[in-house]
Amino acid sequence: MKKEPLLIAFASQKGGVGKSAFTVLVASILHYQKGLKVGVVDCDSPQHSISRMRDRDIESVQESDFLKVALYRQHEQIRKRSYPVIKSNPEKAIEDLYRYIEEQDAVFDVVLSGNPPQRRGCPYHFRNRLHFHPPKGR
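Its first residue numbered 1011, the sequence shown is counted upward by one per residue in the working numbering.
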């Protein structure tokens, strides 16, 4: 039986506050510097900012010999592939995550979720999986 990953969702009631950028930053630190097996579920539907960031990065590397060499050197130094970004939406995030785990035989220590603005509370796709207790009166 595979271990259950720690699920972390970054949420805010407001858009444009850096949830996607923060998700990528935390994922990169945990994956590349701390050595954890990280996955990211991009629930920021319909714009999917994290997936688009990854696509732009891939396109930039494909178009630049300098970036190809830099990426090769980085890979030689850390010997680690990039973490997967799973495109989803809040309603299907858990289902898509576990489908990916099953299909890819993936094991994650941590799964981060980038989310669209929330009206209140934590993202409901992780709600039943989190050990989160909001302060009384909220």
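All C-beta atoms in this analysis are idealised placements derived from N, C-alpha and C, irrespective of residue type, glycine included.
Keep in mind it's a predicted model, so treat the numbers as computed, not measured.
If you drop the 5 nearest sequence neighbours on each side, which residues of the same chain put their C-beta closer than 8 Å to that of Glu-1014?
Sequence-distant Cβ neighbours of Glu-1014 in its own chain, meaning closer than 8 Å and more than five residues away, do not exist here.
Pull up the DSSP beta-bridge partners for Ala-1019, would you.
Looking at the DSSP output, Ala-1019 bridges to Ser-1123.
Which residues does DSSP list as the beta-bridge partners of Ile-1002?
Coverage of the chain is limited to positions 1011 through 1148, which leaves residue 1002 absent and any answer about it impossible.
DSSP-derived helix/strand/coil call for Lys-1013:
When secondary structure is reduced to three states using DSSP, Lys-1013 falls in the coil class, being assigned neither helix nor strand.
On the three-pair Cβ rule with 8 Å, is the stretch 1080 to 1092 touching the stretch 1103 to 1122?
Result no; under three Cβ-Cβ pairs closer than 8 Å.
Distance between beta carbons of Leu-1122 and Val-1027, contact taken as under 8 Å
Incorrect: roughly 16 Å between the Cβ atoms, too far for contact.
Does Gly-1025 pass the burial test, meaning 16 or more other C-beta atoms within 10 Å, or should it be called exposed?
By the 10 Å Cβ count, Gly-1025 comes out exposed.
If you run the structure through DSSP and keep just helix, strand and coil, what is Asp-1054?
Asp-1054: coil per DSSP, three-state reduction.
Is Tyr-1093 closer than 8 Å to Val-1050 when the C-beta atoms are compared?
Their beta carbons are under 8 Å apart, which means Val-1050 touches Tyr-1093 by this criterion.
Residue environment, Ser-1098, which counts as buried when at least 16 other CB atoms sit within 10 Å
Buried, because 16 or more other Cβ atoms sit within 10 Å of the Cβ of Ser-1098.
Beta-carbon separation (whole angstroms), Lys-1029 vs Gly-1124, contact threshold 8 Å:
The beta-carbon distance between Lys-1029 and Gly-1124, rounded to whole angstroms, is 6 Å. This is short enough to meet the 8 Å contact definition.
Which residue comes first and which comes last in the beta strand (DSSP E) that contains Val-1095?
Membership of Val-1095 in the beta strand (DSSP E) is indicated by the continuous run 1095 to 1097.
Taking Ser-1059 as the reference, give the member of Glu-1105, Ile-1096, Lys-1102 with the closest Cα.
Ranking Glu-1105, Ile-1096, Lys-1102 by Cα distance to Ser-1059 puts Ile-1096 first.
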